[in-house]
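Beneath this line is the structure, given in structure tokens, with notes to follow.
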Amino acid sequence: MQKLFRWASKWWPGLIPLAVMWGFAAWNNTLPVEADLSARSSAALKDTVLDKTRIAVDGRDVSLAAEAFSEEGRRDAVTTVELVPGVRLVDDRTRLVPEAKPFVWNAERDVVRVTLSGSAPLPSMKARLTEVARKEVGGVEVADQMGLARGAPARFEAAATLLLDQIGKLKDGKITITDTQVNLSGMARDLGGREAIAAALKNLPEGFSIAANEIKAPPYIFQAYKDPVAATVTLTGYVPDNNVHAAIATSASRKFFTEKVVDNLKASIGAPSSFNTAVVAALGALSRLSTGTLVVSDREVKLSGDALYEGAANDIRAGLGKDFPKNWQYKPEITVKPAAGPVDGSVCQQLFTELLNKGKIRFATRRADIDPDSAGILDHLIETALRCPTTNIEVAGHTDADGEDSFNQALSEKRAQAVIDYLVKAGLPASRFTAIGYGATQPVAGNDTDDGKAQNRRIEFLVR
Amino acid sequence: MPYLVSFHMGWLIGSVLLGFCMGWISVVQRGNGTSKVTAYWLAALAVALVAASLAHVVPGRFGYWLDLGLIMFACYLVGCTIGAWLRYWVVSRSQPAA
Numbered sequence: 006m007q008k009l010f011r012w013a014s015k016w017w018p019g020l021i022p023l024a025v026m027w028g029f030a031a032w033n034n035t036l037p038v039e040a041d042l043s044a045r046s047s048a049a050l051k052d053t054v055l056d057k058t059r060i061a062v063d064g065r066d067v068s069l070a071a072e073a074f075s076e077e078g079r080r081d082a083v084t085t086v087e088l089v090p091g092v093r094l095v096d097d098r099t100r101l102v103p104e105a106k107p108f109v110w111n112a113e114r115d116v117v118r119v120t121l122s123g124s125a126p127l128p129s130m131k132a133r134l135t136e137v138a139r140k141e142v143g144g145v146e147v148a149d150q151m152g153l154a155r156g157a158p159a160r161f162e163a164a165a166t167l168l169l170d171q172i173g174k175l176k177d178g179k180i181t182i183t184d185t186q187v188n189l190s191g192m193a194r195d196l197g198g199r200e201a202i203a204a205a206l207k208n209l210p211e212g213f214s215i216a217a218n219e220i221k222a223p224p225y226i227f228q229a230y231k232d233p234v235a236a237t238v239t240l241t242g243y244v245p246d247n248n249v250h251a252a253i254a255t256s257a258s259r260k261f262f263t264e265k266v267v268d269n270l271k272a273s274i275g276a277p278s279s280f281n282t283a284v285v286a287a288l289g290a291l292s293r294l295s296t297g298t299l300v301v302s303d304r305e306v307k308l309s310g311d312a313l314y315e316g317a318a319n320d321i322r323a324g325l326g327k328d329f330p331k332n333w334q335y336k337p338e339i340t341v342k343p344a345a346g347p348v349d350g351s352v353c354q355q356l357f358t359e360l361l362n363k364g365k366i367r368f369a370t371r372r373a374d375i376d377p378d379s380a381g382i383l384d385h386l387i388e389t390a391l392r393c394p395t396t397n398i399e400v401a402g403h404t405d406a407d408g409e410d411s412f413n414q415a416l417s418e419k420r421a422q423a424v425i426d427y428l429v430k431a432g433l434p435a436s437r438f439t440a441i442g443y444g445a446t447q448p449v450a451g452n453d454t455d456d457g458k459a460q461n462r463r464i465e466f467l468v469r
Numbered sequence: 002m003p004y005l006v007s008f009h010m011g012w013l014i015g016s017v018l019l020g021f022c023m024g025w026i027s028v029v030q031r032g033n034g035t036s037k038v039t040a041y042w043l044a045a046l047a048v049a050l051v052a053a054s055l056a057h058v059v060p061g062r063f064g065y066w067l068d069l070g071l072i073m074f075a076c077y078l079v080g081c082t083i084g085a086w087l088r089y090w091v092v093s094r095s096q097p098a099a
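For the record, the sequence lines run as chains A and B. Start counting the first sequence at 6; every next residue gets the next number (the numbering used here). Start counting the second sequence at 2; every next residue gets the next number (the numbering used here).
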């Protein structure tokens, strides 16, 4: 041992190169050690739930700044870094995520995007909610503006997910969770969407309640466009059910005698009451226009277009309101089509014949009351009569062979007179018209089939 | 400690070798070494530095450099001891033969 001390007293010169080596070692290794410890600490914290984590290493001392979501999580994070091999000291700069009071979460949808804002309790949940929103709205952009906060109510994620599932059913609107209260506002995308959302809200997790549900249904829209160039009437929008659909389609094909009816209607719930009555009346008015658009939006009817003559325009403006159920609004924007040039009697006759070949003036069965569906063809006949003001016109009534001859004779006369009355009421001079009834004496088809009988029941206009 | 050792293995082996050489020389070197008083002071300094290191009182990079220095110094001492013993063993074996 004595010897060892003697030798040791001579070891000091080696300290000089050792000090030099130490200097080099420190110079070379400080940054690598710091980088290595930083990487190891980050890797160790990978599975811990923290926000805004910042790791700074000075020598072997790690400064850990982060926001934790619970006291336990905060302690665990610090311990985890302390246990990283090589770490000497941990400067604990962690704190708890602030608590939100009240805890508010929003999902807002507008035309271009869905914005998620407010607070989410955990980063992973934030990501999951964004993903749910993304799935629900397809290609629409989802903007995640959620912050993180403690204080979320129990079963928050289930509630938020259920509400996000509804965002696809909204055209625009906002869903808010304030603690356990849910507020909804906005406009449903489709008819029935509001009801579907209301039904889904019944499955909200326990503890959550609806403070306000102000989701509005979109307007119930029915549209008809009469295009004289393509000779079509296009029906679009909604009808309440297949029965009403069929009734409207039948009514349209009777009213629009020269046009082809293009039926693009879809059945959907949510129609206002008396929808059928209002739409049929409005289609009757549209049939009297040469070109026009009908828009029925909830209880509002807008009709715009050109009437065939001034009298018809006034009649449509004034008359239609009476046909509508109460609480309905009628907004006519009727102009008058420029009058066509005058023509001589033979052209007038040709026009009358063409019109009456395309459509028929209809009456109530065995009566002389003109069916309202015939308003369109009568307007066209009146417009034609106005183009040859100097001619006299014989209005001839014909019936089929069913029933007694005397009854048919009287009926044909009454029907011819009813047509003349209609024309006079529209402003034509009574002196130009003569009513003649032929009963069943001049059939144009056999009376042995329904089709033939229908052809025989007719009104003819003859220019004299 | 295991981390420091594994991370600086090359430097520590260097320290051991340096110590080994110094120990090897010290057995046959003539002349006086450090005085007893100086040796005590140096030992006290070493103990103080070790205490400072264990108590983690030196912060940040300086703390790391202190640890590194001490561990290199420890390796140096180990190298010295081994070198001195070996040299002594070699010298004492060859003397009777001479």
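The beta carbon of each residue, even a glycine, is placed where N, CA and C say it ideally should be. Note that the coordinates shown come from a computational prediction; the quantities given were computed from them, not determined experimentally.
Classify residue i: buried if its beta carbon has 16 or more other beta carbons within 10 angstroms, exposed otherwise.
i                 : result
Phe213 of chain A : buried
Leu69 of chain B  : buried
Tyr427 of chain A : buried
Asp455 of chain A : exposed
Ala99 of chain B  : In this predicted model, Ala99 of chain B has a pLDDT of only 42, less than 50, meaning its place in the structure is not dependable enough to derive any value.
Asn332 of chain A : exposed
Gln354 of chain A : buried
His9 of chain B   : buried
Phe18 of chain A  : The sequence given here places Pro at residue 18 of chain A; Phe does not occur at that position. Under this definition Pro18 of chain A is an exposed residue.
Tyr41 of chain B  : exposed
Asn248 of chain A : exposed
Phe74 of chain A  : buried
Pro343 of chain A : exposed
Met6 of chain A   : exposed
Pro103 of chain A : exposed
Trp32 of chain A  : exposed
Arg462 of chain A : buried
Trp90 of chain B  : exposed
In the DSSP assignment, the alpha helix (DSSP H) including residue i goes from what residue to what residue?
i                 : result
Leu43 of chain B  : 37-55
Arg45 of chain A  : 20-49
Arg420 of chain A : 410-430
Leu127 of chain A : Looking at the DSSP string, Leu127 of chain A is not in any alpha helix (DSSP H), and its letter there is neither H nor E.
Asn461 of chain A : 455-461
Ser258 of chain A : 247-260
Thr282 of chain A : 280-292
Pro3 of chain B   : 3-8
Would residue i pass as a contact of residue j if the rule is Cβ separation under 8 Å?
i                 : j                 : result
Val89 of chain A  : Leu36 of chain A  : no
Ser417 of chain A : Thr396 of chain A : no
Gly467 of chain A : Ile375 of chain A : Contrary to the premise, residue 467 of chain A reads as Leu rather than Gly in this sequence. It is not a contact, given that the beta carbons lie outside the stated cut-off.
Ser302 of chain A : Ile226 of chain A : yes
Met151 of chain A : Ser124 of chain A : yes
Ala164 of chain A : Pro223 of chain A : no
Pro448 of chain A : Ala421 of chain A : no
Leu308 of chain A : Ala287 of chain A : yes
Measuring CA to CA, which of the options is closest to residue i?
i                 : options                                : result
Leu206 of chain A : A:Leu169, A:Val86, A:Arg392, A:Gly191  : A:Leu169
Ala312 of chain A : A:Phe357, A:Thr454, A:Ala380, A:Val266 : A:Ala380
Gly350 of chain A : A:Asp177, A:Thr389, A:Gln186           : A:Thr389
Thr181 of chain A : A:Arg194, A:Asp195, A:Thr166           : A:Thr166
Val92 of chain B  : B:Gly11, B:Leu19, B:Pro3, B:Ser27      : B:Ser27
His250 of chain A : A:Lys271, A:Val234, A:Ala236, A:Thr263 : A:Lys271
Ala431 of chain A : A:Ala421, A:Asp453, A:Asp384           : A:Asp384
Phe108 of chain A : A:Asn34, A:Arg160, A:Asn452            : A:Arg160
Ala75 of chain B  : A:Asp56, A:Trp27, A:Arg420             : A:Trp27
Thr82 of chain B  : A:Lys419, A:Lys365, A:Val300, A:Leu9   : A:Leu9
Asn269 of chain A : A:Ala283, A:Thr282, A:Ala254           : A:Ala254
Gly61 of chain B  : A:Val95, A:Lys51, A:Ala48              : A:Val95
Val424 of chain A : A:Thr84, A:Gly442, A:Leu55, A:Val400   : A:Val400
Ala236 of chain A : A:Val244, A:Arg259, A:Glu264, A:Val62  : A:Glu264
Val137 of chain A : A:Ala204, A:Leu121, A:Gly156           : A:Leu121
Gly444 of chain A : A:Phe438, A:Ser411, A:Glu359, A:Leu20  : A:Ser411
Quick one: give me the first and last residue of the beta strand (DSSP E) that residue i is part of.
i                 : result
Ala70 of chain A  : 66-73
Glu146 of chain A : 146-153
Met192 of chain A : 186-193
Trp110 of chain A : 109-114
Asn397 of chain A : From DSSP, Asn397 of chain A is part of no beta strand (DSSP E); its letter is neither H nor E.
Leu167 of chain A : Not the beta strand (DSSP E): Leu167 of chain A falls in the alpha helix (DSSP H), residues 161-170.
Answer with yes or no whether the minimum CB distance from residue i to chain D is below 8 Å.
i                : result
Val95 of chain A : No chain D appears in the structure shown, which is made up of the protein chains A and B.
Near-chain A residues of the segment 6-18 of chain B - C-beta to any C-beta below 7 Å: Phe8, His9, Trp12, Gly15, Ser16
The segment 39-59 of chain B: positions lying closer than 8 Å to chain A by Cβ: Ala40, Leu43, His57
Under 7 Å (Cβ pairs) to chain B, residues found in the segment 151-166 of chain A: none
Proximal residues, the segment 134-150 of chain A versus chain B, C-beta separation under 7 Å: Within the segment 134-150 of chain A, no residue has a Cβ that lies closer than 7 Å to any Cβ of chain B.
Contact residues within the segment 69-88 of chain A, judged by C-beta distance below 7 Å to chain B: none
Proximal residues, the segment 21-37 of chain A versus chain B, C-beta separation under 7 Å: Pro22, Leu23, Met26, Trp27, Ala30, Ala31, Asn34, Thr35
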